[in-house]
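See structure below.
Below, the structure is given as structure tokens:
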């Protein structure tokens, strides 16, 4: 199996696993019996699922989507730290578990895009 094929499938599989990782975080909202909070908590995972389906054909879309997701999450955490709602150490640990995987997936999709564009037809 070629390296480009391995990277292509790795980006897609890791992306699907990451989305599956995000989904259980919203299950605690089901205890209240309301579906709206459950839906709102799943918007990031649903948006990433939609963008991953587009990235299947256009890997640069996946790279941009996951890179922007990490950037938006970082901005969200900076705002929480600035308003003294969480400490810096907690923000860093949250970013390590949520944001860094986004950056890794963005790098995988970008590498896939570059390998595709360098390949002679």
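In my numbering, the protein residues as written are 7 to 127. Glycine included, C-beta positions come from ideal geometry on N, C-alpha and C.
Here the C-alpha atom of residue 54 lies approximately 19 Å from the C-alpha atom of residue 117.
DSSP places residue 46 within a helical segment (H, G or I) once states are collapsed to three. In this structure residue 108 is buried. Its beta-carbon is surrounded by 16 or more other beta-carbon atoms within 10 angstroms. In this structure, residue 69 places its C-beta atom within 8 Å of the C-beta atom of residue 112.
Spatial neighbours of residue 67 in its own chain (CB-CB distance under 7 Å, excluding positions within 5 residues in sequence) are listed in chain order as 57, 60 and 61. Residue 39 sits in coil when the DSSP states are folded into three classes, being neither helix nor strand. Close CB contacts of residue 75 within its chain, under the 6 Å cut and outside five residues either way in sequence, are with 108 (chain order).
Excluding sequence positions up to five before and after residue 29, its CB lies within less than 6 Å of the CB of 51, all in the same chain and listed in chain order. A straight line joining the alpha-carbon of residue 73 with that of residue 18 spans about 15 Å. Rounded to whole angstroms, the separation of the alpha carbons of residue 40 and residue 92 is 27 Å. Here residue 121 is near residue 13, since their CB atoms are less than 8 Å apart. Residue 42 and residue 49 have their alpha carbons spaced roughly 11 Å apart. In this structure residue 83 is in contact with residue 97, their Cβ atoms being roughly 4 Å apart against a cut-off of 8 Å.
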